[in-house]
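Under our numbering, the sequence shown has 210 at position 210, and the numbering climbs by one with no breaks.
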Amino acid sequence: MRGHGLARFAAGDLVGILPPGSAAPRYYSLASGWADGFVEICVRQFPDGLCSTHLLNLRAGDSIAAFIRPNPGFALPRQRRPVLLIGAGTGVAPLAGFIRRNDRRVAMHLYFGSRDPAQDFYFEPELQHWLDEGRLTTLHTAFSRVPDGGGHVQDALRRNAEHVRGVVAQGAIVRVCGSRAMAQGVAQALDEVLKPLQLSMAALKAQERYAEDVF
1 MRGHGLARFA AGDLVGILPP GSAAPRYYSL ASGWADGFVE ICVRQFPDGL CSTHLLNLRA
61 GDSIAAFIRP NPGFALPRQR RPVLLIGAGT GVAPLAGFIR RNDRRVAMHL YFGSRDPAQD
121 FYFEPELQHW LDEGRLTTLH TAFSRVPDGG GHVQDALRRN AEHVRGVVAQ GAIVRVCGSR
181 AMAQGVAQAL DEVLKPLQLS MAALKAQERY AEDVF
């Protein structure tokens, strides 16, 4: 989408979309920034989803009613500290936006979970390309609906506990995006994994190193 008339925005900000016949906006996390020249979101269609159905029926040249809602608390600070990104399903969208704009090649580590890699491995080609470019340092996946898929994203954190601890011990910034239930599972996993460091999710929040965008 092209954002004609929209305020300036960055990956991780929200776009509010008003579907026809509704006065209540639906919010989507942006996978792109103003400098990219386009507005990108990740939409999963629900059978009775008013906004998702409307968006997925759009054709090239159609217009929508939308506005930007800044989300500064989720933005990455301009520091050369490693970044631990944790997302599930369409929650990978803003995290992909962070990686896309990682021109300085700060170490970024993505843990991504979804159901089936054949259906909802969102941004797979881009992620592989960003690995090759060095914008993304490591990619860890978990797929819950396929044999030997690795379960959920929090299971991937536990399996790679030593890696997670190493990144956090280097002062990493942590960003989590996905459903509220997923974020709760991630919080439990992080508390377990970080216990040997005498750290927890609450401690990372207090240090302004942890933020989440949940829906």
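We put the beta carbon where it would ideally sit given N, CA and C, even for glycine.
Beta-carbon contacts of valine 176 that lie in its chain and below 6 Å, excluding the five residues immediately before and after:
Hits under 6 Å: Ile86, Ala183, Val186, Glu212.
How big is the Cα-Cα spacing for serine 52 and leucine 197?
Taking the straight line joining both Cα atoms gives about 42 Å.
Residue burial classification, leucine 56 (beta-carbon count within 10 angstroms, cutoff 16)
That one is exposed.
Aspartate 213, enclosing beta strand (DSSP E) - first and last residue
Counting along the chain, the beta strand (DSSP E) containing aspartate 213 begins and ends at 210 to 214.
Best match in Pro125, Gly89, Pro70, Arg78 for proximity to valine 153 [C-alpha to C-alpha]:
Comparing Cα positions, the closest option is Gly89.
Can you check whether the CB of leucine 194 is closer than 9 Å to the CB of valine 214?
No; because the gap between Cβ atoms is not below 9 Å, this pair is not in contact.
Beta-carbon proximity of tyrosine 111 to histidine 140, cut-off 9 Å:
Judged by their CB atoms, tyrosine 111 and histidine 140 are nearer to each other than the 9 Å cut-off.
Same chain, Cβ closer than 8 Å to proline 77, five either side skipped, listed in chain order
Ile173, listed in sequence order.
Check whether the region 60 to 68 touches the region 145 to 161, taking contact to mean three or more Cβ pairs, one atom from each stretch, closer than 8 Å.
Touching, no.
For the alpha helix (DSSP H) containing leucine 6, list its first residue and its last residue.
It is not in any alpha helix (DSSP H) - leucine 6 carries neither H nor E in the DSSP assignment.
Run of the beta strand (DSSP E) containing glycine 166, from where it starts to where it stops:
Careful: glycine 166 lies outside any beta strand (DSSP E), inside the alpha helix (DSSP H) at 161 to 169.
Counterpart residues of isoleucine 86 in DSSP-defined beta bridges:
DSSP lists Tyr111, Val176 as partners of isoleucine 86.
Straight-line CA distance for serine 144 to alanine 181?
Their backbone Cα atoms lie some 15 Å apart in a straight line.
Nearest by alpha-carbon distance to alanine 31: which of Gly21, Ala24, Phe9 is it?
Measuring from the Cα of alanine 31, the nearest candidate turns out to be Phe9.
Given a cut-off of 9 Å, decide if leucine 136 and isoleucine 99 are closer than it, judged by their beta-carbon atoms.
The Cβ-Cβ distance between isoleucine 99 and leucine 136 falls below 9 Å.
Excluding five sequence neighbours on each side, which residues of the same chain lie with their C-beta closer than 7 Å to the C-beta of tyrosine 210?
Around tyrosine 210: Val174, Met201, Leu204.
Serine 114, buried or exposed, once every other Cβ within 10 Å from all chains shown has been counted against 16:
Buried, because 16 or more other Cβ atoms sit within 10 Å of the Cβ of serine 114.
Cβ-Cβ distance between valine 164 and leucine 131 below 9 Å:
In this structure, leucine 131 does not lie closer than 9 Å to valine 164 by Cβ.
Excluding five sequence neighbours on each side, which residues of the same chain lie with their C-beta closer than 7 Å to the C-beta of glycine 151?
The answer, listed in chain order, is Ala142, Ser144.
Quick one: is glutamate 208 buried, meaning 16 or more other Cβ sit within 10 Å of its Cβ, or exposed?
By the 10 Å Cβ count, glutamate 208 comes out exposed.
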